[in-house]
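This report refers to the structure that appears directly beneath it.
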Amino acid sequence: MKIRFASYNIHKAVGLDRRRDHERILRILREVDADIVALQEVDRRFGRRMAALPLDAIHDATDYHPVPMSMKPDSLGWHGNAILVRKGIDLVEAAPVPLPVLEPRGAVRADLMVEGQRFRVVGMHLDLSGLRRRHQVRSVLAHVADCDHDCPTVLMGDLNEWAVHGGCFREFDASWRVLAPGQSFPARRPIARLDRIIVSPQWEVLDTKVHHSPLSAVGSDHLPVHASLGLPKK
Numbered sequence: 591m592k593i594r595f596a597s598y599n600i601h602k603a604v605g606l607d608r609r610r611d612h613e614r615i616l617r618i619l620r621e622v623d624a625d626i627v628a629l630q631e632v633d634r635r636f637g638r639r640m641a642a643l644p645l646d647a648i649h650d651a652t653d654y655h656p657v658p659m660s661m662k663p664d665s666l667g668w669h670g671n672a673i674l675v676r677k678g679i680d681l682v683e684a685a686p687v688p689l690p691v692l693e694p695r696g697a698v699r700a701d702l703m704v705e706g707q708r709f710r711v712v713g714m715h716l717d718l719s720g721l722r723r724r725h726q727v728r729s730v731l732a733h734v735a736d737c738d739h740d741c742p743t744v745l746m747g748d749l750n751e752w753a754v755h756g757g758c759f760r761e762f763d764a765s766w767r768v769l770a771p772g773q774s775f776p777a778r779r780p781i782a783r784l785d786r787i788i789v790s791p792q793w794e795v796l797d798t799k800v801h802h803s804p805l806s807a808v809g810s811d812h813l814p815v816h817a818s819l820g821l822p823k824k
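Residue numbers (my numbering): 591 to 824.
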């Protein structure tokens, strides 16, 4: 069973041309064509924290449905984090993941089901501080370990980690594979691999890539990253 995962920091849908354009972001998501997408900075930061991607636009322009997570009526995500799931993939349960923070950061978890196979997805946006990033990774791993069901897991998001192997990656033991699809930030001339996908041992990694297209080069300050992963059928 092959499932395509993607992570994208959409910068509140504000592109490098300084225009807020949710339709452009949705076109980029259609280009990437993943089954499951973790989004960061999906809500505006101040006031009512309105969604940068309107719910009706997502339904009209894509075959995704957002995992319900927000506690605010105008927001799409939890502290700006959201998970989009292709129609036909069943949601079993979902929850925000508490993180130790000094600024608005967060993570979200969704347990999903395809063809009778349960698996887990965590989308996250980590802190600019290296020490807090490490504490936040520990919190995510503890949350996953405390879940009722042990199942194949994919963690992904904007980790804000400039180190190649050190930093917060030291918190993952040898059972996790930290994938680096490529340089994804800044979008115009990417030099850093801030956007990562981390997988538990049950997954086979089929391919990873940074999505660099004319639209994605200006749609946000990050480029989307994605990975195709294989999972043996039960």
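Where is the CB? At the ideal position from N, CA and C, for every residue including glycine.
Straight-line CA distance for Phe595 to Asp625?
-> Taking the sequence shown and counting its residues from 1, the one referred to as residue 595 is at position 5. Taking the sequence shown and counting its residues from 1, the one referred to as residue 625 is at position 35. Phe595 and Asp625: Cα-Cα distance of roughly 6 Å.
With C-beta atoms as the reference, is Ile814 less than 7 Å away from Tyr598?
-> Within the sequence shown, residue 814 is the residue found at index 224, counting from 1. Within the sequence shown, residue 598 is the residue found at index 8, counting from 1. In the sequence under discussion, the amino acid at residue 814 is Pro, which differs from the Ile named in the question. It is a contact, given that the beta carbons lie within the stated cut-off.
Using the beta-carbon count (16 or more within 10 Å), is Val657 buried or exposed?
-> Indexing the sequence shown from 1 puts residue 657 at position 67. Val657 should be labelled buried.
Proximity to Lys677 [Cα-Cα], best of Asp611, Val704, His812 and Arg778 = Sequence index remark: in the sequence shown, residue 677 carries index 87 (1-based). Comparing Cα positions, the closest option is Val704.
Per DSSP, what kind of secondary structure is Asp797 in: helix, strand or coil?
-> Mapped onto the sequence shown, residue 797 falls at position 207. It is a strand residue.
Test item: CB-CB of Pro742 and Leu796 under 7 Å | The count along the sequence shown starts at 1 and reaches residue 742 at position 152. The count along the sequence shown starts at 1 and reaches residue 796 at position 206. In this structure, Pro742 keeps its C-beta atom at 7 Å or more from the C-beta atom of Leu796.
Are the segment 801–812 and the segment 754–769 in contact at 8 Å, needing three or more beta carbon pairs?
-> no
CA-to-CA distance, Leu718 to Glu751, given in whole angstroms = Residue mapping note: residue 751 aligns to position 161 of the sequence shown, counting from 1. Residue mapping note: residue 718 aligns to position 128 of the sequence shown, counting from 1. Cα-Cα distance, rounded: 8 Å.
Three-state secondary structure (DSSP) of Gly696 | As a first step, residue 696 is located in the sequence shown; it is residue number 106 there, counting from the start. Of the three classes helix, strand and coil, the one that applies to Gly696 here is strand, per DSSP.
Where does His816 fall in DSSP's three states?
-> For the purposes of this step, residue 816 is identified with residue 226 of the sequence shown, where counting begins at 1. The answer is strand: DSSP assigns His816 an E or B state.
Beta strand (DSSP E) runs wholly inside the segment 612–639, at least 3 long, in chain order = You should have 626–630.
Alpha-carbon to alpha-carbon, Arg695 and Val712 = Locating residue 712 in the sequence shown gives position 122, where the first residue counts as 1. Locating residue 695 in the sequence shown gives position 105, where the first residue counts as 1. Those two C-alpha atoms are separated by around 14 Å.
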